[in-house]
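Trainee:
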Amino acid sequence: MKKFVCLVLAMLFVFSLCACGAKPAAAPAAAAPAADAKLVGVSMPTKDLQRWNQDGANMEKELIAAGYKVDLQYGSNDIPTQVSQVENMIANGCQVLVIAAIDGDSLGTVLAQAKEKGIPVIAYDRLIMGSDAVTYYATFDNWLVGVKQGEFIEDALDLKNAAGPFNIEFITGDPGDNNINFFFDGAMSILQPYLDSGKLVCPSGQTEKATVATPNWATDAAQARFETILGSNYADGTKLDAVLCSNDSTSLGVQNALKANYTGEWPVLTGQDCDILSTKSMLAGTQSMSVFKDTRTLASKVVEMVDAIMQGKEPPINDTETYDNGTGIIPSFLCEPVACTPDMINDLLVASGYYTEADLK
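42 is the number of the first residue of the sequence shown in the working numbering; add one for each residue after it.
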């Protein structure tokens, strides 16, 4: 009997030790998409620009969380590579394609394959031109991006009140990117009247969109062109008051050229995307502003669109008038951009979790 009691007591003691020291069960890992989950193809143009890495990563994460499998590819700014990647996505059974085109005019043939198979295509941020296979378009209000850049220069130079004249130069992005039409034309809707009146003057004479374009939005190409502008028009001490740069990579090229070739008062300088380098430049005082396009917002909206398409529903659309790709108006969803100045960085970019303080050191 004593042995039995001792055995019972020992068992109770061991049980109590286990109970006291028991660890909570590990939280289950995030569920991976089911084996039969529907496949979404996501084609981004390049990893060379920070924003495309963020766009791709954000979209992949949210699509997987929504239960989809994702084939995410980057085209290395090479059109044949992107075409081949999209062909493979179609062959591998993707049921929706999300494509940020390297060149908006170069995907017609491959997208005809998508249309033949009944695969909806969402043009992402860059409108794909000349193809009736494009089903929807998701982007930011690109005209408004340019308007905000133009308005910033207008306010910074006090063009409504100051006598002037002020010297300005222009630089925009890749001529194959349909967005430059909206960025540049939006900005010029604000600035052209001042050019016409003579309050703004462009010493290089380069004000036409085709002339101020930058292949692949490349920083080195922007820098090379601007070094030539500075050498030809500002080497005699002529003051440069402002540069309209359509995005941050071209703005960085202008900054590099200015640092090496210009000794006058630093000009007003615009940008777009709030890339880390340009955000640091704003903090350092070498870039005046950037237009913030929260890629998390755009990625979330595209996931909503994909989910609606997969369920046979109508995706969210807020524009049916603006974007004609040459085959007709493409139903679109436009997210709103925000002008960001150095004093707004903490609230707009850090507090929102887009960057950490460590990112910007």
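Positions of the beta carbon are idealized from the N, C-alpha and C atoms, including for glycine.
#1: Would P256 and D282 be called neighbours here (beta carbons separated by less than 8 Å)?
#2: Where does E362 land, buried or exposed, given buried means 16+ other C-beta within 10 angstroms?
#3: Buried or exposed, going by whether 16 or more other CB atoms sit within 10 Å of the CB of P1?
#4: Check whether the stretch 342–360 and the stretch 120–137 touch, using three or more Cβ-Cβ pairs below 8 Å as the test.
#5: For G116 versus T150, is the C-beta spacing smaller than 8 Å?
#6: Only counting the same chain, and skipping five residues up and downstream in sequence, which positions put a Cβ closer than 8 Å to that of D400?
#7: Compute the Euclidean distance between the alpha carbons of I270 and E377, then round it to the nearest angstrom.
#8: Could you tell me the alpha carbon to alpha carbon distance between K158 and A132, rounded to whole angstroms?
#9: Taking the alpha carbon of F333 as the point to measure from, which residue in M385, A254, P121 and L236 has its own alpha carbon closest?
#10: Under the rule that 16 or more other beta-carbon atoms within 10 Å means buried, what is A140, buried or exposed?
#11: Do the stretch 237–249 and the stretch 164–175 touch if we need at least three Cβ pairs shorter than 8 Å?
#12: Compare the beta carbon distance of I231 and V186 with 8 Å and say whether it is the shorter of the two.
#13: Restricting to Cα atoms, I'd like to know which of S329, W184 and T320 is closest to K402.
#14: Can you tell me the Cα-Cα spacing of A203 and A228, whole angstroms?
#15: Would you identify the three-state DSSP class for K64, choosing helix, strand or coil?
#16: Can you list, in chain order, the residues of its chain with a C-beta nearer than 7 Å to that of A155? Leave out the 5 residues immediately preceding and following it.
#17: Hey, how far is the Cα of L152 from the Cα of Y165?
#18: Using C-beta distances below 6 Å, list every residue in its chain close to E195, excluding the 5 sequence neighbours before and after it, in chain order.
#19: Ordered along the chain, which non-local residues of its own chain (more than five positions away) have a Cβ less than 8 Å from that of D182?
#20: What separation, rounded to the nearest whole angstrom, lies between the Cα atoms of Y364 and D146?
#21: Just to confirm before moving on: does the CB-CB distance between S329 and T311 stay below 8 Å?
#22: Between G305 and S331, what straight-line distance do the alpha-carbon atoms span, to the nearest angstrom?
#23: So S287 packs on I371, CB below 8 Å; how close in whole Å?
#24: For K280, which of N208, D360 and L293 has the nearest alpha-carbon?
Mentor: Taking the structure as given:
#1: no
#2: E362 should be labelled exposed.
#3: As shown, the chain starts at 42 and ends at 402. That puts residue 1 outside it, with no answer to give.
#4: yes
#5: For G116 and T150, no; Cβs fall outside 8 Å.
#6: I317
#7: Distance between the alpha carbons of I270 and E377: 33 Å.
#8: So the two alpha carbons sit approximately 10 Å from each other.
#9: M385
#10: This sequence places Ile at residue 140; Ala is not what is there. Burial call: buried.
#11: no
#12: It is not a contact, given that the beta carbons lie outside the stated cut-off.
#13: T320
#14: Each residue's alpha carbon lies about 19 Å from the other.
#15: Caution is warranted here: a pLDDT of 36 is assigned to K64, below 50, making its placement in the model unreliable, and the coordinate value is therefore given only provisionally. Looking at K64 - three-state DSSP - the assignment turns out to be coil, as it is neither helix nor strand.
#16: I131, L138, V162 and A174
#17: A direct Cα-to-Cα measurement between L152 and Y165 gives close to 14 Å.
#18: I231
#19: L375, C376, E377 and P378
#20: Roughly 15 Å separates the two Cα atoms.
#21: yes
#22: Between the alpha carbons of G305 and S331 lies a gap of roughly 22 Å.
#23: Not quite, the Cβ-Cβ distance comes to about 22 Å (not below 8 Å), so this is no contact.
#24: N208
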